[in-house]
Amino acid sequence: MIEVLIPENFTWAKEYCIDNIFKKRYGLDVTIKKHDKKYYLINISEINKNIKLPDIFFKNESKQWLKKRNKFNIAIKEFVLDDGIQIKGFGNKIYSIFHNIEKTIIKFDKEKKTNFLPVDIFGSLFFMFSSYEEYCSDLRDSHLRFSEKQSCLSKAIYSLPIIDIQIELLWIFCMKSFPNLERKVSNGVMRVTCDVDHPYSQRSLFIKSKNIVKFLFNKREYQKKTNTLKKIIIKENLNNFDTDYAGLKYILNKNKEIGNKVIFYSIPQQTYWRYDTNLSWKDKRTRIILNEISKNGNTIGIHPGYNTFNNLNNFEKTLKFAKKYWPIKKNPPTYIISRQHYLRWDAQITPEILNTLNIDEDSSLGFANFPGFRNGTCFPYFLIDLKNEKITDVTEIPLILMESSVFSKNGMNINDPAEAYQFMNELKMKCFNLGGVFTLLWHNSNFTEDFHHEIYENIIK
Ligand SMILES: [Zn+2]
Numbered sequence: 050m051i052e053v054l055i056p057e058n059f060t061w062a063k064e065y066c067i068d069n070i071f072k073k074r075y076g077l078d079v080t081i082k083k084h085d086k087k088y089y090l091i092n093i094s095e096i097n098k099n100i101k102l103p104d105i106f107f108k109n110e111s112k113q114w115l116k117k118r119n120k121f122n123i124a125i126k127e128f129v130l131d132d133g134i135q136i137k138g139f140g141n142k143i144y145s146i147f148h149n150i151e152k153t154i155i156k157f158d159k160e161k162k163t164n165f166l167p168v169d170i171f172g173s174l175f176f177m178f179s180s181y182e183e184y185c186s187d188l189r190d191s192h193l194r195f196s197e198k199q200s201c202l203s204k205a206i207y208s209l210p211i212i213d214i215q216i217e218l219l220w221i222f223c224m225k226s227f228p229n230l231e232r233k234v235s236n237g238v239m240r241v242t243c244d245v246d247h248p249y250s251q252r253s254l255f256i257k258s259k260n261i262v263k264f265l266f267n268k269r270e271y272q273k274k275t276n277t278l279k280k281i282i283i284k285e286n287l288n289n290f291d292t293d294y295a296g297l298k299y300i301l302n303k304n305k306e307i308g309n310k311v312i313f314y315s316i317p318q319q320t321y322w323r324y325d326t327n328l329s330w331k332d333k334r335t336r337i338i339l340n341e342i343s344k345n346g347n348t349i350g351i352h353p354g355y356n357t358f359n360n361l362n363n364f365e366k367t368l369k370f371a372k373k374y375w376p377i378k379k380n381p382p383t384y385i386i387s388r389q390h391y392l393r394w395d396a397q398i399t400p401e402i403l404n405t406l407n408i409d410e411d412s413s414l415g416f417a418n419f420p421g422f423r424n425g426t427c428f429p430y431f432l433i434d435l436k437n438e439k440i441t442d443v444t445e446i447p448l449i450l451m452e453s454s455v456f457s458k459n460g461m462n463i464n465d466p467a468e469a470y471q472f473m474n475e476l477k478m479k480c481f482n483l484g485g486v487f488t489l490l491w492h493n494s495n496f497t498e499d500f501h502h503e504i505y506e507n508i509i510k
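Plus 49 on top of the position in the sequence shown (first one is 1) and you've got our numbering.
Right, dumping it as structure tokens:
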């Protein structure tokens, strides 16, 4: 059995980190003991070898735990891994946030009884998973979100699942120290999601008539089409000319072809007229869509409106409303999943709200304007409620890629189809190389260019 000795303070937080790595990631039992030393030590009783790691984050923070500040003294470092060590898909370099400053190379010496891994992997995990910097900072964008631009970490850090990579490095050290260990292997998971911000186009009549005209005149078979048009009008199915509805049907059909199940997050009830749709789950038109979605094993999640992320009362009302009007068989599921509209998030309060209302799963944590790894990981983990110093029962599935963050001017502003696809596919491969979860969000209302379809079909495979 693996034993991890930890420096004495912040036991609750350190146990969380160790469980995440050894139990959840490696699938191994572990015992945790305190010792009066200033470092972590990993042993196996029968084997006369151990691994030592520095305690940097918790030691530094003990004097200023959760202290408000907008600047952190962090010196990001890129370590070179010694010859033999390679992280699959990521080569022989790793980024680190908290580490022993004197070292620059990481190496394993099989002759030594104790090998020193100079990266504070446990502290780094806690810092990233708890959104510790966001909690302490009061910098926000116009939607009151913390953005990657306000962070003391670089875009290079957010482009990589740095914690997952460090966990792989620690595994290499474990394997070399304790050769008979075997770990759990996980395969990459594709998780296709859609936020149905606009079930139907609000610009309806003008856009619809434009599309009908386009449909009628851009090809020759006029007569045939007029007949089709008659049928459509007779059936009152003008929805076929609604671009947002068409986007939704397209997502349903394409994923069905491939055999993907899709998660659709939908706003149960308006919380702010400017940014939330006025079609609630009570509305007949929304119910038609939600029922269509729930066929073929797709999942409906709630997409709590604009003013819920920092307001327990509003969130609670939304949840009650959703449960009352739950579209399928009127029975709300026992497992409720959620994603915040506009990805609004306040590390000081949102985890507490989700936990108080017994939300089972959230998938809001990605930056609105920067795709990648906001919390350094592509694996699910339990959200941390820093305010109350506790681990919640809410599973977070990190959001890795939202289409608009690639195409929009505020985001990566990539509009060359080949370049956009390459960028997205690289993100996907970063997750798959580690056996993590690639969570994709593509809005039904955002198939605005022809090449969007082509990219979408390739990326969901
Ligand atoms: Zn939304």
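Heads up, the beta-carbon is just placed ideally off N, CA and C, and yes, glycines get one too.
Hey, residue i and residue j: beta-carbon distance below 9 Å or not?
{"i": "S196", "j": "N418", "result": "yes"}
{"i": "I143", "j": "I214", "result": "yes"}
{"i": "P353", "j": "Q389", "result": "yes"}
{"i": "L489", "j": "I463", "result": "no"}
{"i": "P420", "j": "F472", "result": "yes"}
{"i": "L435", "j": "N424", "result": "no"}
{"i": "S329", "j": "I316", "result": "yes"}
{"i": "I398", "j": "W61", "result": "no"}
{"i": "E52", "j": "I100", "result": "no"}
{"i": "C427", "j": "L483", "result": "yes"}
{"i": "D395", "j": "V443", "result": "no"}
{"i": "Y75", "j": "F171", "result": "no"}
{"i": "L166", "j": "C66", "result": "no"}
{"i": "C185", "j": "K117", "result": "yes"}
{"i": "P248", "j": "L301", "result": "no"}
{"i": "F178", "j": "I433", "result": "yes"}
{"i": "D293", "j": "S250", "result": "yes"}
{"i": "E182", "j": "S208", "result": "no"}
{"i": "K303", "j": "Y470", "result": "no"}
{"i": "S454", "j": "F416", "result": "yes"}
{"i": "Y355", "j": "T320", "result": "yes"}
{"i": "F147", "j": "F222", "result": "no"}
Helix, strand or coil for residue i, going by three-state DSSP, please let me know.
{"i": "C427", "result": "coil"}
{"i": "V234", "result": "coil"}
{"i": "H148", "result": "strand"}
{"i": "C223", "result": "helix"}
{"i": "P228", "result": "coil"}
{"i": "P103", "result": "strand"}
{"i": "Y324", "result": "coil"}
{"i": "Y299", "result": "helix"}
{"i": "L54", "result": "strand"}
{"i": "E160", "result": "coil"}
{"i": "K284", "result": "Confidence at K284 is low in this model, with a pLDDT of 48, below 50, so the placement of that residue should be treated as unreliable; the coordinate-derived value is given next. DSSP places K284 in coil when its eight states are reduced to three."}
{"i": "K142", "result": "strand"}
{"i": "L115", "result": "coil"}
{"i": "F171", "result": "helix"}
{"i": "K98", "result": "strand"}
{"i": "S191", "result": "coil"}
{"i": "G346", "result": "helix"}
{"i": "L130", "result": "strand"}
{"i": "I312", "result": "strand"}
{"i": "Y88", "result": "strand"}
{"i": "K439", "result": "strand"}
{"i": "D244", "result": "strand"}
{"i": "L450", "result": "strand"}
{"i": "M239", "result": "strand"}
{"i": "T357", "result": "coil"}
{"i": "T80", "result": "strand"}
{"i": "F176", "result": "helix"}
{"i": "I338", "result": "helix"}
{"i": "F165", "result": "strand"}
{"i": "T60", "result": "helix"}
{"i": "T444", "result": "strand"}
Specify whether the region 116 to 129 and the region 150 to 167 touch according to this definition: at least 3 beta carbon pairs, one from each stretch, less than 8 Å apart. yes
Which parts of the region 473 to 500 are runs of the beta strand (DSSP E), unbroken and 3 residues or longer, counting only runs that do not cross its ends? 486 to 490
Residue list, Cβ distance to ligand 1 heavy atoms smaller than 5 Å: D244, D246, H390
Would you be able to state if there are at least three C-beta pairs under 8 Å between the region 92 to 110 and the region 131 to 140? no
Inspect the CB distances between the region 361 to 381 and the region 300 to 319 and report whether three or more fall short of 8 Å. yes
Inspect the CB distances between the region 179 to 198 and the region 73 to 83 and report whether three or more fall short of 8 Å. no
For the structure I just gave you, are there three or more beta carbon pairs, one from the region 360 to 375 and one from the region 403 to 414, closer than 8 Å? yes
Could you tell me which whole beta strand (DSSP E) segments of length 3 or greater appear in the region 377 to 437? 430 to 434
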